[in-house]
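Residue numbers (my numbering): 1288 to 1606.
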């Protein structure tokens, strides 16, 4: 049966109903967020739910030691979530029953679940349908306030995208794959005596290539790489898997070109670009960059917004 851990982990922060004054007296208050309290039992149940199976299998005493070491971090998350719900309510944001029903239907559709299997999964997680609806409602409310206050205000311009692409060509072109041939002359850069001989041999090869001789034939004749027996054929190699020296040389080459000799730490190389394949077109790359810039800006502004909510709120922590 499909579990709801992934979906519920985010939502769980809101499953704990506001406690009455009498109940608070029977439970330790670990934080006050404006006029609302967070109790130790809320914090404990959150940690219990998100614990790994390995942690859950531990004895109570050992499990509590682990929880004790992480309770401050979990409490901060609970406080942030409570602040966002309070801000949403202050702004008059609401969630309709229809929105909650639609969210549930989308979840069932995504996981190919029937009504019966959906309810069975909730029961296995110790959740009632009403409690789950409450969780979804509060999560939708948080999404609304985050969209209104942050996401809807973020604009990524075409100029920003263009500049980012220009500054990150190597990273963004990771989808490029090259079909290469190589002539490799093995020697260390520090071996000065042999280096002169190798350089001369390299330029002799270049002269023969310019004269129209076959790259494959010259690779079989000169290359000291195992691929030499195959005419220097290296096959298709993803750009990200190539040494930086190769990437630099290839950035100036067109299909069919051969390079001038260049050094790596392993020796002297001459390569031929047989083909280049890109799995992304420019529009896909632009969209990828737009999403990345948007996400970076969102995270920065979200942290700043949360910080602002904290600064204007009364928060008391009693761990």
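Idealized CB from N, CA, C, for every residue including glycine.
Spatial neighbours of residue 1474 within its chain, please: CB distance less than 7 Å, with the 5 preceding and 5 following residues excluded, ordered by chain position. Only residues of its own chain outside the window of five on either side were considered, and among them 1481, 1482, 1485, 1554 and 1555 have a CB closer than 7 Å to the CB of residue 1474, listed in chain order.
Are any of the Cβ atoms in chain D nearer than 9 Å to that of residue 1385? Within the model displayed, chain D is absent; a lone protein chain is all it includes.
Look at the alpha carbon of residue 1548 and the alpha carbon of residue 1469, and state the distance between them as a whole number of angstroms. Residue 1548 and residue 1469 have their C-alpha atoms spaced approximately 10 Å apart.
Taking all protein chains shown into account, do 16 or more other C-beta atoms lie within 10 angstroms of the C-beta of residue 1586, making it buried, or fewer, making it exposed? Its Cβ having fewer than 16 others within 10 Å, residue 1586 is exposed.
Quickly, what does DSSP pair residue 1470 with across the bridge? List them, please. Paired residues: 1557.
Boundaries of the beta strand (DSSP E) in which residue 1375 is found, first to last residue: Following the DSSP letters along the chain, one finds residue 1375 in no beta strand (DSSP E) but inside the alpha helix (DSSP H) bounded by residues 1347-1377.
So who's on the other strand from residue 1564, going by DSSP bridges? Residue 1564 pairs with 1464.
Verify whether the separation of the beta carbon atoms of residue 1318 and residue 1366 is less than 9 Å. One thing to note: residue 1318 has its Cβ within 9 Å of the Cβ of residue 1366.
Under DSSP, the alpha helix (DSSP H) around residue 1411 begins and ends at which residues? Counting along the chain, the alpha helix (DSSP H) containing residue 1411 begins and ends at 1402-1411.
Taking a contact to mean a Cβ-Cβ separation below 9 Å, would you say residue 1526 touches residue 1453 in this structure? No; because the gap between Cβ atoms is not below 9 Å, this pair is not in contact.
Alpha helix (DSSP H) runs wholly inside the stretch 1468-1533, at least 4 long, in chain order: Counting whole runs of 4 or more residues, the stretch 1468-1533 contains the alpha helix (DSSP H) stretches 1479-1497 and 1502-1509.
Taking only three categories from DSSP, how would you classify residue 1324? The answer is strand: DSSP assigns residue 1324 an E or B state.
Length of the line joining the Cα atoms of residue 1371 and residue 1560: Straight-line Cα distance between these residues: approximately 55 Å.
In this structure, what does DSSP give as the bridge partners for residue 1318? Beta-bridge pairing links residue 1318 to 1325 and 1604.
Considering only DSSP beta bridges, list what residue 1545 is partnered with. Note: residue 1545 sits in a beta bridge opposite 1559.
Is the stretch 1572-1582 touching the stretch 1443-1450, taking contact as three or more C-beta pairs under 8 Å? Contact between the stretch 1572-1582 and the stretch 1443-1450 is present, because at least three Cβ pairs lie under 8 Å.
Pairwise C-alpha distance: residue 1385 and residue 1379: In this structure, the straight-line span from the alpha carbon of residue 1379 to that of residue 1385 is close to 18 Å.
9 Å Cβ cutoff met for residue 1321 and residue 1604: Contact annotation: residue 1321 and residue 1604 have beta-carbon atoms that are not nearer than 9 Å.
Could you check whether residue 1524 and residue 1545 sit closer than 9 Å to each other, using their CB atoms as the reference points? For the pair residue 1545 and residue 1524, the CB atoms are not nearer than the 9 Å cut-off.
Simplified DSSP assignment, three categories, for residue 1591: The answer is helix: DSSP assigns residue 1591 an H, G or I state.
Measure from the alpha carbon of residue 1538 to the alpha carbon of each residue in 1401, 1456, 1451 and 1598, then state which is nearest. It is 1456.
Under a Cβ-count criterion, where at least 16 other Cβ atoms within 10 Å of its own Cβ denotes burial, should residue 1569 be classed as buried or exposed? Around the beta-carbon of residue 1569, fewer than 16 other beta-carbon atoms lie within 10 Å, marking it exposed.
Would you report the Cα separation of residue 1437 and residue 1589, rounded to the nearest angstrom? Using only the alpha carbons, I get a separation of about 7 Å.
Given this structure, state the Cα-to-Cα distance separating residue 1398 from residue 1347, to the nearest angstrom. One C-alpha to the other measures close to 34 Å.
Let me check understanding here. Comparing Cα to Cα, which of 1376, 1331 and 1373 lies closest to residue 1361? Taking the Cα of residue 1361 as reference, the smallest distance to any Cα among 1376, 1331 and 1373 is reached at 1331.
DSSP state of residue 1388 mapped onto helix, strand, coil: In the structure shown, residue 1388 adopts helical secondary structure according to DSSP, grouped into three states.
Work out the CA separation of residue 1324 and residue 1334 for me, nearest whole Å. If you draw a straight line from the Cα of residue 1334 to the Cα of residue 1324, it comes to about 17 Å.
With distances taken from CA atoms, which of 1338, 1368, 1344 and 1369 is nearest residue 1355? Ranked by how close their Cα comes to the Cα of residue 1355, the residues 1338, 1368, 1344 and 1369 have 1338 in first place.
With a Cβ-Cβ cutoff of 9 Å, do residue 1373 and residue 1600 count as a contact? Going by beta carbons, residue 1373 and residue 1600 fall inside the 9 Å limit.
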